[in-house]
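Residue numbers (our numbering): 9 to 156.
From the three backbone atoms N, C-alpha and C, an ideal C-beta is built for every residue, glycine too.
None of the values given here were measured: they were computed from a predicted structure.
Working notes for the structure below.
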């Protein structure tokens, strides 16, 4: 484990990752908008896919590389990606998050056709999006596919 990764765990959670891993039933809910977040920091979370349930990445510098890594966090239920550097290319990775219940994609560079892929997320209860231009036909199709 790299020094930077050890420092991350110690500063953010006052523990070593191996200590956290031993705790049964413990869940991680990350609110990381207050620290300078990079794809490298996301890589520190990937070894604990069954422990991470919520991440707030609002206003962070995460890129599609980090978005791809998020798809390994299989128990993730709540994810905020508002105003990040992510673009539509990350959406196929997000469709791997089968337990996703709430997804906030405000102001990422995507369109309604890109968002249609999210209809694969059968557990999704809340989707928040924000974009400059809306294709009403694609939005209508998305709404039809996601209605229960």
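Given that a residue counts as buried once 16 or more other Cβ atoms are within 10 Å of its Cβ, and exposed if not, what is residue 27? Exposed, because fewer than 16 other Cβ atoms sit within 10 Å of the Cβ of residue 27.
Identity of the residue in 107, 109 and 64 nearest residue 92 by Cα: It is 64.
Using only CA atoms, which one of 12, 87, 71 and 133 lies nearest to residue 52? Of the listed residues, the one whose Cα sits closest to residue 52 is 12.
Considering residue 16, what are the terminal residues of the alpha helix (DSSP H) in which it resides? First-last of the alpha helix (DSSP H) with residue 16: 11 to 21.
DSSP three-state assignment for residue 99, whether helix, strand or coil: It is helical.
Kindly indicate which three-state DSSP category residue 113 falls into: helix, strand or coil? Reduced to three states, the DSSP call for residue 113 is strand.
Which same chain residues, not among the five before or five after residue 73, have their C-beta less than 7 Å away from its C-beta? Sequence-distant Cβ neighbours of residue 73 in its own chain, meaning closer than 7 Å and more than five residues away, are 47.
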